[in-house]
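In my numbering, the protein residues as written are 6 to 129. Beta carbons are placed, not taken as given, at the ideal position from N, Cα and C, and that holds for glycine. Following: one structure in structure tokens, then a few remarks.
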Amino acid sequence: RLELDGMKQHMRIQTSLPCGWTSAALLHKQASLKAMNPEQPFYLLDDGSQAIPPLFYAMLNKSLALPLLEDWLAYLWTTGREQNLITLLDQGKGQGFAAWQVTPSGEAWQNILEAGLQSDQIQF
Numbered sequence: 006r007l008e009l010d011g012m013k014q015h016m017r018i019q020t021s022l023p024c025g026w027t028s029a030a031l032l033h034k035q036a037s038l039k040a041m042n043p044e045q046p047f048y049l050l051d052d053g054s055q056a057i058p059p060l061f062y063a064m065l066n067k068s069l070a071l072p073l074l075e076d077w078l079a080y081l082w083t084t085g086r087e088q089n090l091i092t093l094l095d096q097g098k099g100q101g102f103a104a105w106q107v108t109p110s111g112e113a114w115q116n117i118l119e120a121g122l123q124s125d126q127i128q129f
């Protein structure tokens, strides 16, 4: 569950519609590639159109001081979920978007990479 903590943790996104009304949304900074703090867990919104949320690689790559290849995406997603580094927060009932939290624990992700390289599940 994402909770409001004042506007320090959220961005306001708004646009004027052709009819003159304003459309506005609040987005947690940790759900934004541009505004996220790489040292904190981040959030992914997923509309279910792809097997892996589109920003997963970019946000994980920004969060970790480890070399990541986009070819490793499926392995990182599957193994991260198995090790509870990626957790489902909300299945999107009623809103159409699922929400995931990803913990950028460098040591845990390094262990995942080492295991994947040693077992040839991923390669450079």
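Given L7, which residues of its chain have a CB within under 6 Å of its CB, disregarding the five upstream and five downstream residues? Its pLDDT being 44, under 50, L7 is placed unreliably in this model, and the coordinates cannot settle the point.
Leaving out five residues on either side along the sequence, give the residues of the same chain with a beta carbon under 6 Å from the beta carbon of Q126. Hits under 6 Å: Y80.
Rounded Cβ spacing between T108 and L94 (contact assumed at less than 8 Å): Contact flag wrong, Cβ pair sits at about 12 Å.
Please tell me whether I57 and W26 are closer than 7 Å, where the distance is taken between their beta carbons. Taking C-beta atoms as the reference points, I57 and W26 fail to come closer than 7 Å.
Rounded straight-line distance, which links the Cα of A40 to that of Q88: The straight-line gap from Cα to Cα measures roughly 26 Å.
Let's test the definition: count the other Cβ atoms within 10 Å of the Cβ of L71 and tell me whether it reaches 16, buried, or not, exposed. Label assigned to L71: exposed.
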